[in-house]
Amino acid sequence: MIKKCLFPAAGYGTRFLPATKAMPKEMLPVLTRPLIEYGVEEAVEAGLNTMAIVTGRGKRAIEDHFDISYELEHQIKGTTKEPLLTQIRKLINKCTFSYTRQVEMKGLGHAILSGETLIGNEPFAVILADDLCDADSHNEGVLSQMIKLYSKYKCSIVAIEEVPKEDTNKYGVIDGEQIADGVYMIKNMVEKPNPEDAPSNMAIIGRYILTPDIFDIIRETKPGKGGEIQITDALMTQAQNGMVLAYKFKGKRFDCGSVDGFVEATNYFYKKGSK
Ligand code: G1P
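Residue numbers (our numbering): 629 to 903.
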């Protein structure tokens with residue numbers, strides 16, 4: 629079954645400058661926890677135990693976050709502050725973390741291909757940490773829902789959400805045939821189409837299950853939108869050769885790559901009583 633989760637985390641986070649000048653965007657906190665920690669929690673909840681993180685220059689804080697800080701631990705041991713580290717300690721104990729660097733920024737497809745060395749020849753999940761998801765009133769996270777679906781269909785799956793038509797140029801957009809409640813067999817997918825060219829308003833969000841043949845397909849994929857190697861294009865090839873599903877997930881998702889989404893997420897988790 630699926631045990632590994634890939635986190636592409638090499639991007640510059642330009643929409644959050646100057647905050648992201650010296651700090652990875654994945655480390656921006658929603659309340660007291662960095663975005664990537666929410667992603668790792670979601671992966672662990674889905675039963676995954678191997679986190680494969682594709683980093684770049686200036687991303688060392690991510691590695692340090694998922695490690696023991698001996699000085700700090702020593703300093704706060706036995707004080708009222710110690711419980712603040714309980715949750716992250718538990719998380720670190722439940723999984724392993726490995727890292728590789730994306731040396732050139734050539735798009736999400738290229739970032740995923742850079743992770744091949746950490747994944748090998750097995751199906752895996754992908755989380756884009758700036759899409760922050762919460763189960764909300766449902767009792768399982770988005771990735772967990774997708775893993776269940778994978779065990780039935782054994783093919784690549786993308787999570788989708790309906791977005792206002794004018795926003796299609798921010799996402800990969802799919803067109804598909806519904807085969808079960810919330811499950812679509814993909815017929816077409818386009819990276820960031822203008823609203824007038826979009827095949828629908830069903831947008832891909834940052835959760836994927838990928839079968840490992842995707843690596844060879846990415847290697848053969850020509851640069852697409854923005855001159856970058858797009859996972860959307862590689863998945864379209866995979867859909868044409870076999871089957872790729874889109875899954876309308878249950879729960880909430882915040883675009884924490886934008887200031888508006890970030891503020892919304894912060895308010896949501898604050899009201900929910902998260903720490
Ligand atoms: C990437 C993908 C896009 C997807 C989006 C989800 O775009 O290329 O297909 O809809 O993630 O967040 P990015 O937001 O990295 O530009």
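Every residue, glycine too, gets a C-beta built ideally from N, C-alpha and C.
Short Cβ contact (8 Å threshold) for residue i with residue j
i, j, result
"TYR640", "THR683", "no"
"GLY686", "ALA650", "yes"
"ALA647", "LEU656", "yes"
"ASN829", "VAL791", "yes"
"PHE694", "GLN773", "no"
"ALA826", "LYS793", "yes"
"GLY901", "ILE775", "no"
"GLN858", "LEU756", "no"
"ILE630", "PHE725", "no"
Distance cut-off 7 Å: residue i Cβ against heavy atoms of the ligand G1P
i, result
"GLY686", "no"
"THR849", "no"
"GLU892", "no"
"ILE720", "no"
"GLU789", "no"
"ALA637", "no"
"GLN736", "Gln is not the amino acid found at residue 736; the sequence shown has Leu there. Yes - the ligand G1P has a heavy atom lying nearer than 7 Å to the Cβ of LEU736."
"THR745", "no"
"ALA874", "no"
"GLU819", "yes"
"ALA674", "no"
"THR860", "yes"
"TYR799", "yes"
"ILE832", "yes"
Residue of the options minimising C-alpha distance to residue i
i, options, result
"PHE897", "LEU663, ALA638, MET651", "LEU663"
"TYR875", "ALA808, PHE725, ARG881", "ALA808"
"GLU750", "LEU656, LEU645, GLY834, LYS632", "LYS632"
"ARG835", "ASN822, CYS761, ILE845", "CYS761"
"LEU823", "LEU838, GLY800, ILE842, THR839", "In the sequence as presented, Leu is not what sits at residue 823; that position holds Pro. When each option's Cα is compared against that of PRO823, the closest is GLY800."
"ASP861", "ILE846, GLU669, GLU691", "ILE846"
"GLU665", "GLU710, THR707, ASP758", "ASP758"
"MET679", "ALA689, LEU719, ILE857", "LEU719"
"GLY911", "MET871, GLY810, ALA867", "Nothing can be reported for residue 911, as the shown portion of the chain is limited to 629 through 903."
"ASP803", "LEU863, LEU777, THR894, PRO711", "LEU863"
"THR745", "GLU732, SER784, PRO840", "PRO840"
"PRO636", "GLN703, GLN730, MET817", "GLN730"
"THR894", "ARG661, LEU634, PRO652, MET817", "ARG661"
"MET813", "ASP844, SER779, LEU873, THR865", "LEU873"
"PHE843", "ARG881, LYS853, GLN866, TYR781", "GLN866"
"LYS853", "GLY870, GLU669, ARG881, LYS820", "LYS820"
Distance, residue j Cα to residue i Cα
i, j, result
"GLU789", "ARG717", "33 Å"
"GLY855", "LYS798", "16 Å"
"SER886", "VAL786", "21 Å"
"ALA763", "ALA671", "13 Å"
"GLU699", "GLU673", "30 Å"
"THR714", "THR849", "44 Å"
"LEU645", "ASP888", "14 Å"
"GLN806", "LEU838", "20 Å"
"ASP883", "THR708", "34 Å"
"GLN868", "SER784", "12 Å"
"LEU634", "ILE704", "32 Å"
Interface flag, residue i vs chain D, CB-CB below 8 Å
i, result
"GLY684", "The structure shown contains no chain D, having only a single protein chain."
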